[in-house]
Amino acid sequence: MMEKCLNFLKEYKDESLTKVLIAARDIAEQTEMILKFEPIRARKKKKMFSYENEDNAPTDSEILFRTNVFYPMLDTAINSIETRFMQLSIINDSWNFLYDLNKTNDNLKEACLKLEKILTHDDKCDISGLDLSREIICLQVFKY
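The sequence shown begins at 1 in the UniProt record's numbering and counts up by one.
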């Protein structure tokens with residue numbers, strides 16, 4: 001689901017602003033609002049030295065909206081979803097064996113030892129993989 005959301009945002013960014021503007025115009029017409037990008041006055045900066053280059057900033061309001069609002073907003077959403085998706089996938093890789101306890105005892109033992117290795121820091125471990133696998137095997141008796 002997270003991958004689909006991420007792919008949607010990337011495709012949405014690639015499709016550009018045209019679909020968004022069309023949808024916004026439709027909504028503006030329904031609510032009887034005026035949808036118009038106000039023209040922006042070209043700013044001129046006084047040059048102190050003759051070798052300074054002129055600042056040719058875009059003066060089109062739509063281009064400014066695209067570069068200052070639309071793309072940064074989508075980039076922020078894409079980056080935060082990628083970060084969260086990466087964190088969730090790491091957690092899922094570590095703990096997913098608990099969702100399927102019908103595995104063989106060897107596979108369960110291997111997954112518990114892998115989790116022990118992940119939760120170990122400087123020879124200090126939070127859990128014992130062998131004890132965890134034994135407890136899960138004992139609890140398999142009570143499954144429905």
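All C-beta atoms, glycine included, are put in the ideal place defined by N, C-alpha and C.
Out of N102, T120, L115, the CA that lies nearest to the CA of F142 is found in N102.
By the beta-carbon neighbour count (other beta carbons within 10 angstroms, threshold 16), S133 is buried. Comparing alpha-carbon positions, the option among N96, K44, I136, L74 lying closest to E15 turns out to be L74. Beta-bridge annotation (DSSP): K124 is paired with H121. In summary, A111 is buried, with 16 or more beta-carbon neighbours lying within 10 Å of its beta-carbon over all protein chains present. The residues L115, in chain order, have a CB closer than 8 angstroms to that of W95 in the same chain once the five nearest residues on each side in sequence are set aside. Apart from the 5 residues on each side of it in sequence, I81 sits with its Cβ closer than 8 angstroms to the Cβ of M2, C5, L6, L9 in its chain, given in chain order. Classified as exposed, L119 has fewer than 16 neighbouring CB atoms from the shown chains inside 10 Å of its CB.
For C125 and K117, the gap between their C-alpha atoms comes out near 8 angstroms. L21 carries a helical assignment under DSSP once its states are collapsed to helix, strand and coil.
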